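Just below is one structure, and these are the notes that go with it.
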Amino acid sequence: MPGRQRRKIIPALPDNPGTVRYRILALKGKANALAQTGDYRQAKQTLDAAMTLANRYNIKDARLAIMGCYKYLYTLKGDKEALAEIEPRLLALQDSVLSYQVMGTLSQMQSLNERRKMQKRLDVAELQRSATIYALIFMTLVVIAIILVAVIIYRKNRKLTQMDRMLYNRVQELTSNAKTSSQRSDKNKQSLSQKLTDDEIKQIYEKIKSAFRDTELVCSPDFTLTKLAQIVDVQPRIASQVLSSITGLNFCSNVNRLRILEACRRFQGPEYERYSTDGIAKSVGFQSRSAFNSNFKKVTGLSVREYKALGKKNVEEISTEDEDSCALEES
21 MPGRQRRKII PALPDNPGTV RYRILALKGK ANALAQTGDY RQAKQTLDAA MTLANRYNIK
81 DARLAIMGCY KYLYTLKGDK EALAEIEPRL LALQDSVLSY QVMGTLSQMQ SLNERRKMQK
141 RLDVAELQRS ATIYALIFMT LVVIAIILVA VIIYRKNRKL TQMDRMLYNR VQELTSNAKT
201 SSQRSDKNKQ SLSQKLTDDE IKQIYEKIKS AFRDTELVCS PDFTLTKLAQ IVDVQPRIAS
261 QVLSSITGLN FCSNVNRLRI LEACRRFQGP EYERYSTDGI AKSVGFQSRS AFNSNFKKVT
321 GLSVREYKAL GKKNVEEIST EDEDSCALEE S
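Residue numbers (the working numbering): 21 to 351.
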């Protein structure tokens, strides 16, 4: 940098810690330039000014650089006495700067080590926090699962309780019907025994049972008491009295019971799985949905929907129970 420019730059820099290194650098450059031109006195004064700044702000590396400039100046000047005096100071300052740098490096290493430890603690804390969050989420999911299972069990138990209540009511109804049918049967037997012998009554009933075993016949919409009497070869009134005396039920009740039992089988049969409720009802001889539903409820004690919900196993048990208690069996 030309000397004129340095002379302009140095006064322009404010004297504060923020610009001191720039001032020292400018003074060093000026001193070296003066030394090369042979103006050793002015060069030394310039270095003295730079050293004053370095000492004021205790900038050791700048002092070391200025001491190097002194050595360069004295070498150019050939001042051996000054060189001998400055070299020990230069070495001592180099050692001091080196020690300072070593201490700084150690301090940085210690600081870095502390930062690593702190980061490790932060990582551990973050891991613990994440583990706590995951544990809370897991516990929450477990609690939710337990609640859901409890709700499902409660609902199932409630349904089972309702089914048990319906089955109990059904048993009570069957018991009551059996008692009523028995009383009615006793009356019919007394009336019929005056007209037919026991063997005749038994023979007629066996023929009626044989006709009732014909599912296609029973499920036919035009199956009537008159048609049954023709098959059995007796008068309709006699067929009705024989049927009532043994089963306690009239012709329509017996036929409807058999049709409902057949409907129960068809609800579970794979060949009828595509049939609707109306389709099943018509296939067993009922002409209206309301008649089918009322008779289904009367025979099974359940609605069609409740019956289907019981499942295959329960359905088979109920069907077997109803069949065993069917009025067609001999009392």
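Glycine included, each C-beta is placed from N, C-alpha and C at the ideal position. Note that the structure is a prediction, hence the values are computed from the model and not measured.
Item checked: Element boundaries [alpha helix (DSSP H), containing L54] -> Start at 1 with the first residue of the sequence shown, and residue 54 comes out as number 34. Per DSSP, the unbroken alpha helix (DSSP H) holding L54 starts and ends at 40-57.
Note to self: Helix, strand or coil, according to DSSP, for D218 in the structure here?
What the structure shows: If you number the sequence shown from 1, residue 218 lands on position 198. Correct three-state label for D218: helix.
Notebook entry, point to check: Expressed to the nearest angstrom, what Euclidean distance is found between the alpha-carbon atoms of L142 and R135?
Noted result: Locating residue 142 in the sequence shown gives position 122, counting from the first residue. Locating residue 135 in the sequence shown gives position 115, counting from the first residue. So the two alpha carbons sit approximately 10 Å from each other.
Checklist line | 8 Å contact criterion, which R43 and L84 should meet: CB distance rounded | finding: Within the sequence shown, the letter at position 23 stands for residue 43. Within the sequence shown, the letter at position 64 stands for residue 84. Not confirmed; about 17 Å, so no contact.
Next item on the list: Note down the Cα distance separating K176 from V324, rounded to an integer number of angstroms.
Entry: Here the question's residue 176 lines up with position 156 in the sequence shown. Here the question's residue 324 lines up with position 304 in the sequence shown. As the crow flies, the alpha-carbon of K176 is around 19 Å from that of V324.
Note to self: Just to confirm my understanding: we take N276, look at its own chain, exclude 5 residues before and 5 after, and list those with CB closer than 6 Å. What are they?
What the structure shows: On the sequence shown, residue 276 is found 256 positions in, with the first residue counted as 1. For N276, the CB contacts under 6 Å within the same chain, skipping 5 residues up- and downstream, are N315 in chain order.
Notebook entry, point to check: So, are the CB atoms of K227 and V252 less than 8 Å apart?
Noted result: As a first step, residue 227 must be located in the sequence shown, where it is residue number 207. As a first step, residue 252 must be located in the sequence shown, where it is residue number 232. Going by C-beta atoms, K227 is nearer than 8 Å to V252.
Item checked: Three-state secondary structure (DSSP) of A198 -> As a first step, residue 198 must be located in the sequence shown, where it is residue number 178. Because the pLDDT at A198 is just 48, under 50, the model does not fix this residue reliably, and the value given afterwards should be weighed accordingly. Collapsing the DSSP output to three states places A198 in a helix.
Item checked: Unbroken alpha helix (DSSP H) run spanning F243, endpoints -> As a first step, residue 243 must be located in the sequence shown, where it is residue number 223. Element bounds for F243: n/a, residue is neither H nor E.
Item checked: Spatial neighbours of V319 in its chain, beta-carbon cut-off 6 Å, leaving aside the 5 residues before and after -> Taking the sequence shown and counting its residues from 1, the one referred to as residue 319 is at position 299. Excluding five sequence positions before and after V319, the CB atoms of its chain that fall closer than 6 Å to its own CB belong to R277, I280, given in chain order.
Next item on the list: Give the straight-line distance between the Cα atoms of P290 and S150, rounded to the nearest whole angstrom.
Entry: Numbered from its first residue, the sequence shown carries residue 290 at position 270. Numbered from its first residue, the sequence shown carries residue 150 at position 130. Roughly 55 Å between the two C-alpha positions.
Next item on the list: Compare the beta carbon distance of L93 and A112 with 8 Å and say whether it is the shorter of the two.
Entry: Walking along the sequence shown from the start, residue 93 turns up at place 73. Walking along the sequence shown from the start, residue 112 turns up at place 92. Contact: no.
Check: How would you label T267, buried or exposed, when you count the other beta carbons within 10 angstroms and need 16 or more for buried?
Finding: One-based indexing of the sequence shown puts residue 267 at position 247. T267 is buried by the Cβ-count criterion.
Note to self: So, with DSSP's three-state summary, where would you put E293?
What the structure shows: Walking along the sequence shown from the start, residue 293 turns up at place 273. Of the three classes helix, strand and coil, the one that applies to E293 here is coil, per DSSP.
Check: For L322, does the three-state DSSP call read helix, strand or coil?
Finding: One-based indexing of the sequence shown puts residue 322 at position 302. It is coil, neither helix nor strand.
Next item on the list: Give a yes or no on whether the C-beta atoms belonging to L67 and I86 are separated by under 8 Å.
Entry: By 1-based counting over the sequence shown, the position of residue 67 is 47. By 1-based counting over the sequence shown, the position of residue 86 is 66. Contact: yes.
Next item on the list: Look at the alpha carbon of V40 and the alpha carbon of D81, and state the distance between them as a whole number of angstroms.
Entry: In the sequence shown, counting from the first residue as 1, residue 40 sits at position 20. In the sequence shown, counting from the first residue as 1, residue 81 sits at position 61. The alpha-carbon atoms of V40 and D81 are separated by roughly 13 Å.
Notebook entry, point to check: In the structure shown, what three-state DSSP assignment does N276 receive?
Noted result: Here the question's residue 276 lines up with position 256 in the sequence shown. Residue state for N276 is assigned as helix, using DSSP reduced to three classes.
Next item on the list: Express the C-alpha separation of A165 and A198 in angstroms, rounding to a whole number.
Entry: Along the sequence shown, one-based indexing puts residue 198 at 178. Along the sequence shown, one-based indexing puts residue 165 at 145. Bear in mind that the predicted position of A198 carries a pLDDT of just 48, short of 50, making it too unreliable to give a figure here.
Notebook entry, point to check: Secondary structure at I300, three-state DSSP: helix, strand or coil?
Noted result: As a working mapping, residue 300 is identified with position 280 in the sequence shown. Correct three-state label for I300: helix.
Checklist line | Assumed close pair L12, K91 - CB separation to whole angstroms, cut-off 8 Å | finding: Residue 12 lies beyond the residue range present for the chain, which begins at 21 and ends at 351; the question has no answer from this structure.
Note to self: Looking only at its chain, what residues have a beta carbon closer than 7 Å to the beta carbon of T95, apart from the 5 residues adjacent to it on each side?
What the structure shows: Counting from 1 along the sequence shown, the entry for residue 95 is found at position 75. Closer than 7 Å at Cβ, skipping near neighbours: L103.
Note to self: Helix, strand or coil, according to DSSP, for D115 in the structure here?
What the structure shows: Counting from 1 along the sequence shown, the entry for residue 115 is found at position 95. D115 carries a helical assignment under DSSP once its states are collapsed to helix, strand and coil.
Notebook entry, point to check: Applying the criterion that 16 or more other CB atoms from any shown protein chain within 10 Å of the CB defines a buried residue, is Y77 buried or exposed?
Noted result: Mapped onto the sequence shown, residue 77 falls at position 57. Per the 10 Å Cβ criterion, exposed.
Item checked: Alpha carbon of G38 to alpha carbon of V144, nearest angstrom -> Taking the first residue of the sequence shown as 1, we reach residue 38 at position 18. Taking the first residue of the sequence shown as 1, we reach residue 144 at position 124. Each residue's alpha carbon lies about 42 Å from the other.
Margin query: Is the beta carbon of S230 closer than 8 Å to that of L245?
Written below: Taking the first residue of the sequence shown as position 1, residue 245 is located at position 225. Taking the first residue of the sequence shown as position 1, residue 230 is located at position 210. The Cβ atoms of L245 and S230 do not sit closer than 8 Å to each other.
Checklist line | Span of the alpha helix (DSSP H) around R257 | finding: The count along the sequence shown starts at 1 and reaches residue 257 at position 237. Taken as a continuous stretch (DSSP letters only), the alpha helix (DSSP H) holding R257 covers 256-267.
Notebook entry, point to check: If you run the structure through DSSP and keep just helix, strand and coil, what is S308?
Noted result: Your numbering for residue 308 matches position 288 in the sequence shown. The three-state secondary structure of S308, taken from DSSP, is coil.
Next item on the list: Could you tell me which of T217, F287, I224 sits nearest to P256, measuring between CA atoms?
Entry: The count along the sequence shown starts at 1 and reaches residue 256 at position 236. Closest by alpha carbon: I224.
Notebook entry, point to check: With burial defined as no fewer than 16 other Cβ atoms inside 10 Å of the residue's Cβ, what is the status of V254: buried or exposed?
Noted result: Indexing the sequence shown from 1 puts residue 254 at position 234. Its Cβ being crowded by 16 or more others within 10 Å, V254 is buried.
Next item on the list: For my contact list, T235 and E282 are in at a C-beta cut-off of 8 Å; report their separation, rounded to the angstrom.
Entry: Indexing the sequence shown from 1 puts residue 235 at position 215. Indexing the sequence shown from 1 puts residue 282 at position 262. Indeed, because the Cβ distance is near 6 Å, the residues count as touching under 8 Å.
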